Every structure is written in structure tokens, then in C-alpha cells.
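A quick write-up on the structure given underneath.
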């Protein structure tokens, strides 16, 4: 059980954890080599900007990856806490440093709460930052049960979902899910930076979404890329290969490359199809229930149906002519399983004849 | 004035325009070579799925870029409308085709309403799709005033903001603002597709945002890339160069490349900084008013201030010690200009001593 916490490094993540811990009634001490940052966190209500008089239950080291090892060593020399964890976005390097430098690696477990904002610093902190987010814990071969329990308790107390991973597996995964997406956003945004005046009116939500995370602090991100270079390098090589093929294919369409047109179009479609498959993977999978309505040819009937259905979470999936009755339209609807019963009842009551489609292999 | 409209191609864009036009009282006719698509649009209330008996005021050609020219030619041969426009996401090719094929290029102006969704087809259509969006119009050297007026009227009627551009300038701009961001999203998402099982828990909002548009229809996007290949090819070459330098730099950090470490870090920071500058450009610029509060050293004071200020649109920008009084904290706040007066009054009434900072060069 974590009743007292020392946060070393009161940036966005450290201060947000401190605010969440304070809200849960934990006694929190704040430290930062920038005394103003600690004072700001204190003034935000994140705890007291002073050293604890007795060892706390858990020390949270919220500093850049390369500093985790030295800061852990110093904190353990001072006997600051019973257990120690960190929040660095890469885990193999800090683990290696901890095993090499820390007097008591048994009391340390690596951690990575997967949340962030484009803004950094304590003023951007919020107690809700980790609600529902994954909080990875990466026990080393030396990590003891107490450290793992304490760090897990902190993650839960912040509303996060603890997930245990090997530090190297973690680093390979975040290279794909976080670091390379950030670099791709930067590469895309760099092109927008160089675009001529007047381009701004043509920037839409798509470009804004792709480039949003590129607004992150370049110095901080240089440190992250440095710390996870091997895993990022491997993914970037794959991206580079894909981009080389794609770029050559577009050159071919432009008439300046050696590829044939049909082959070029296939290459482009292949990249787009693999991208679409990847994009699906980023969305929480939920298999909807399927409903079915047959409509006669009456202009606006489907519009009325969808307006009646929308408040019940029902959306249209597709529509097709009824076989052998081409003027009738079969409309396939989707609804979250939990809402299906009430949606059917409400639509029936409103005069629509809705049937549930048989799609599940076993007795739905 | 546009009182009657023929929509040729009842996909997402055509049907959404039709719904917006119907809402504004325009008589709308719907045509699609897929009769079911036209029937679905009709059933949504987007108009009548039949040919107009007399020429309409405006025909909207909402088909893929390569088909605009032939469809325009056929529609003008049938004398379907007084004026003609289209919605293709690239403009130079359709303009060239129109000038070559159309019997009456004076009556045609290219158009591109800058709105979309990941879903395509009439079932994804909505009358609000264009509200507040840019709608580019690209008059050719031949375009007459009536066609330009009619297309402008349609854009306004859909709630969009008409912007006039040369077709080639448009294509160069959307390569940077739309097409290359899409391809970058696809390349990023393709890496996520290939990531090992268990990776999904580590996919956060950042990766979801970067890859969202990659979910778009690969066939549709292959057509767009094909139609705007010259402009896209030029931008992709710049991206490829940046990526090659970035990838080599990360290899160098990994110890496998020839670059020196310091030089590699500078290269990475350079890409990240250019990306951050580009990301800023994608956000609507609003210069906030600046407020200033001095707080004594009382834990939680800043937290209380920000909770009192948030309902008035006030956010914290930065904080620093007061010179010669290190225990006092100067907090710099930002607020939208329109809300500044009421925010200051409300905070004053709540007992906070807020002053407006002098930042504007001339008498604010």
C-alpha cells in the first residue's frame, strides 16, 4: 500500500501523478532540480516541495531516460523510499543503468504510464491524465515483489491499467506505437512548414490529426529517440523501404520513373491497403449487433429511419436492393450489442419493422 | 442563384451536397451509374433519383478525378444544366480534360470542397459536412462569370467558405496538406499492422490520430494519387530525403551507422524542430490576451486559481519566481481576447489580484 510518495521531477508526468496521488489521500513530496518547477507543482496542490523526513513508501523518478539510473542511485543512497519506479518512455536503457548503478536493484521496477500531452511542464499537469490508460511495468530479473506491488498500486490509484512487459519487448513495441508515429508526424509537418503562403486555408482536420503530436518538445523527443535508437532504427528502415517503393511508384505515374504504370498503381494500392489494415488495429474492436430493415421506394424514408435510430446508437452500414424486388431497399444497420434490445423496441414502437440479422456463428 | 441542382455521383460528397441543398430548399435530382447508390441517396431525402425534365441551374459532378472530363462532356451534350462544377480532390487534370472534351468549357468551373470522412458512400453523407470548411474553386482561362457565380452560390449554401485558386497551385497545395499526409498515415499504420500480438495495449491517442485518415478507401486514394502524381512526387522526394537523413542519424546512435553521435543528435533535433514549426501552422492562430497574478508560497494556491479561472477560458502559460522575492511566484495566464474582461472581473470578485500584461505594441 502506498501512503507516501516522493516525486522526483515535477514535469507534466511527475506532477500529474502527484495530483492523482494527492486526490487519493497520499502524502506527496516534490523534488526537481529546477526549484521553480517544484514550487509550481506545490502551488498546484501536488504536494510539498521539500524532502521527506523519513523514507516514503514509493519514489517516482520522472526524469528523461538517460537520467533515471543516476537519479535512482542517488535516491537509494539517501534511502529516500522503500520502493522505486520511473516513468521513462523507454525501458531497456534505464533498466541496464539501474542494474549497474543502483545499490538496491531489488527495490526498483521500471514503469511507463502511456499518457502525454503536446504541452510539457507542471502547468500542463492534470490528475486525470492516466484515467483508463495503459501503465507498463517492466520488472527486471532482480525486481522484488514489494517494488512491483507498490508501483502497481500507484498505477491503479492513478486510474491506469497496469500491464507487465519485458523491457526490450516494451521498447520494440513503443518504437512502432509511439516513437516512429511521432517522427512520421514531424516529417509530415516539416513539409507543411515549408509550404507557400496561402496554403493554410487548405489545411483540414486530416493534416491537423496527422501532425498533432509533432508539436511536442523537440529536445525531449531527441532524448527519447536517442534512448530507444536500436528499436526505432529497425522500424525506420522498414518505413524507408516502403517509402522508397511508394516514391518510385509515384515517380513512375508522373512519367519520370522506370516503373510501368500498372505495377506502380499496384504498389500504391498495396501501401494504402496495408495502412488501412493498420488503422483498423488502432481502433478498439467492438463487434456490433446487426439489424435489417426493408424500405419501399419513398423518397426520404431512409433519412427518417436514421434520424429515429441515431439516438439509440444505430448507424447505417450498407444498403442493397431486395432480390427479385428491385424497388425495395434492404438497409443493414449496426448497433452496440448493449443497445440493440432497446433500439429494436424503440424503432418497432415508432412503426419501423426491424429484424435482427443472424451473423454470429453460435446462437445469438 | 441556384434553385435546381443535378448531382451526378451520389457518394459521400455528392449526397452530402444534395442534402445541404435540399435543406436550403433547392430542387435536387440524383444520378449515379450505380442505381442503388442513387436510390439510397433518394431514400435519405437527398432529392429525386431521376433525370431533370428541363436543364437545371447547376450540375455537380461528384465522380473520381479521371472521370470528370467524360462525365462533363456527356452532361453538356445532354444540356443538363446552365452551369457545371465538380468536387474532385485534384484540379489540373480535370481542368485539362474539360478544356479538351467539353462542348462548353465557359459553363464549367472546377471545385473542391475540403471535407471528408473515413467512410465513403451515400450512407455516410450528412448535410453539415461542409460547414465552415474551405471550398476551393479553380476557374480556368475559359470559365465564365455565370458558372463561377453558381458554383460560389452552392458553396455558400452548403455553409462552406469559397476560395479561388489556380488549378495547379491548388494541386501543389493539397499534395502537402492532404495527399502526402494520407500516405504518411498509411506508411505509419502499415508498421502497426505488422507489429506483434500484445502491441495493441500500447497504442495510444497519438498513434490513433496519426493513422486515422489511413482508414480511407485504398481504391479511391489510389485514384487520387494517380491524378496528382507530379505534385505528390515532388513532396515525397523531400520527405524521402528528410527520412534518409533521419534514419542514418538514428542508425548512428544505434552504433551501426557512420555518423558521429553529436551530429546525429543535431539532425534528429532539426527534423523534430521543423516538425514542431509545421504543427503550429496547422492550428488556427489566435493571439490570447495575457494576464498576470503574483502568488505567495501557499501550497495549492495556484491550483485554486486555475480552478477558478478555467470556467472563464483562462489557462496557465508559465510561471517564474518574482525577481528579488524568490518565494513569490509570478503566474502568466492566457485568455481569448473576447473573454478577458469578464475573466478579470470574475477573478477580481473572487479575491485574486489579476493585472493585464502589456504585450501588444500599440495601446491595448
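Protein chains in written order, with UniProt numbering: chain A, 1 to 364; chain B, 1 to 364. Quick reminder that beta carbons are idealized off the backbone N, C-alpha and C, glycines included. What you are looking at is a predicted structure, and each value in this text was computed from that prediction instead of being measured.
Practice task
Provide the residue(s) that pair with residue 27/A in DSSP beta bridges, ordered along the chain.
Solution key: 4/A
Exercise for the section: Please confirm whether residue 174/B and residue 89/B have their CB atoms less than 9 Å apart. Expected result: yes
Practice task
Since I believe residue 97/A is in contact with residue 68/A (beta carbons under 8 Å), could you give me their beta-carbon distance rounded to a whole number of angstroms?
Solution key: 6 Å
Problem - Proximal residues, the segment 266-300 of chain A versus chain B, C-beta separation under 8 Å - result: 268, 269, 271, 272, 273, 274, 275, 276, 277, 278, 279, 280, 281, 282, 283, 295, 297, 298, 299, 300
Practice task
Please look up how many angstroms separate the CB atoms of residue 19/B and residue 127/B, rounded, as I've assumed it's under 8 Å.
Solution key: 4 Å
Practice task
Classify residue 326/B as helix, strand or coil using the three-state DSSP reduction.
Solution key: strand
Practice task
Spell out the partners DSSP gives residue 316/B in its beta bridges.
Solution key: 333/B
Problem - Residue from 238/B, 245/B, 319/B with nearest C-alpha to residue 251/A - result: If we check each option's Cα against that of residue 251/A, 238/B comes out closest.
Exercise for the section: Pick out the complete beta strand (DSSP E) segments inside the segment 62-137 of chain A, 3 residues or longer, and give them in chain order. Expected result: 81-86, 108-113
Problem - Minimum Cβ-Cβ distance from residue 194/A to chain B less than 9 Å - result: Residue 194/A counts as touching chain B.
Problem - Close beta carbons around residue 48/B, own chain, < 8 Å, minus the five adjacent residues each side - result: 28, 29, 30, 42
Handout entry: Interface flag, residue 200/A vs chain B, CB-CB below 9 Å
Key = yes
Handout entry: Residues of its chain near residue 361/B, where Cβ-Cβ distance is below 7 Å and the 5 sequence neighbours each way are ignored
Key = Since pLDDT at residue 361/B reaches only 45, below the 50 mark, its modelled position is unreliable, and no value is offered.
Practice task
Find the residues of chain B that neighbour residue 166/A, judging by a C-beta separation of less than 8 Å, and give them in chain order.
Solution key: Going along chain B, no residue has its Cβ under 8 Å from residue 166/A, so there is no contact; the nearest lies around 11 Å.
Exercise for the section: Taking only the alpha-carbon atoms, compute the straight-line gap between residue 123/B and residue 40/B and give it to the nearest angstrom. Expected result: 7 Å
Handout entry: Three or more C-beta pairs below 8 Å linking the segment 198-211 of chain A and the segment 192-204 of chain B
Key = no
Practice task
Express the C-alpha separation of residue 281/A and residue 181/B in angstroms, rounding to a whole number.
Solution key: 19 Å
Handout entry: Terminal residues of the beta strand (DSSP E) in which residue 162/B lies
Key = 161-164
Problem - Endpoints, alpha helix (DSSP H) assigned at residue 267/B - result: 261-281
Exercise for the section: Check the Cβ of residue 1/A against every Cβ in chain B and list those closer than 8 Å, keeping chain order. Expected result: Ordered by position in chain B, no residue passes the 8 Å Cβ test against residue 1/A, which lies about 24 Å from the chain.
Problem - Neighbour list for residue 48/A in chain B, Cβ cutoff strictly below 7 Å - result: For residue 48/A, the chain B residues whose Cβ falls inside 7 Å of its Cβ are 299, in order along the chain.
Problem - Contact between the segment 208-226 of chain B and the segment 297-312 of chain A (3+ Cβ pairs under 8 Å) - result: no
Problem - chain B contact for residue 17/A (CB, 9 Å cutoff) - result: no
Handout entry: Heavy atom of the ligand ATP within 8 Å of residue 190/B beta-carbon
Key = Questions concerning the ligand ATP fall outside what the structure shown contains, since it holds no ligand whatsoever.
Exercise for the section: Kindly identify the DSSP beta-bridge partner or partners of residue 356/A. Expected result: 291/A
Problem - Three-state secondary structure assigned by DSSP to residue 195/B - result: coil
Practice task
Taking residue 106/B and residue 8/B to be in contact with their CB atoms under 8 Å, please state how far apart those CB atoms are, rounded to whole angstroms.
Solution key: Not really, about 19 Å apart at Cβ, beyond 8 Å.
Exercise for the section: Please name the residue or residues paired with residue 321/B in a DSSP beta bridge. Expected result: Beta-bridge pairing links residue 321/B to 329/B.
Exercise for the section: Measure from the C-beta of residue 363/B to each C-beta in chain A and report whether the shortest distance is under 9 Å. Expected result: Only weak support exists for where residue 363/B lies, its pLDDT of 37 falling under 50; the coordinates are left without a value.
Practice task
Identify the continuous alpha helix (DSSP H) that holds residue 304/B and give its terminal residues.
Solution key: Boundaries of the alpha helix (DSSP H) harbouring residue 304/B: 301-309, taken from the DSSP string.
Practice task
Determine the direct distance from the alpha carbon of residue 302/B to that of residue 119/B, and round the result to whole angstroms.
Solution key: 45 Å
Practice task
Could you check what DSSP says for residue 58/B in three-state terms: helix, strand or coil?
Solution key: strand
Practice task
Look up residue 44/B in the DSSP assignment and say whether it is helix, strand or coil.
Solution key: coil
Problem - Cβ pair count under 8 Å reaching 3, the segment 156-174 of chain B against the segment 225-240 of chain B - result: yes
Handout entry: Residue span of the alpha helix (DSSP H) that contains residue 252/B, given as start and end
Key = 229-253
Practice task
Indicate the three-state DSSP secondary structure (helix, strand or coil) for residue 185/A in the structure shown.
Solution key: helix
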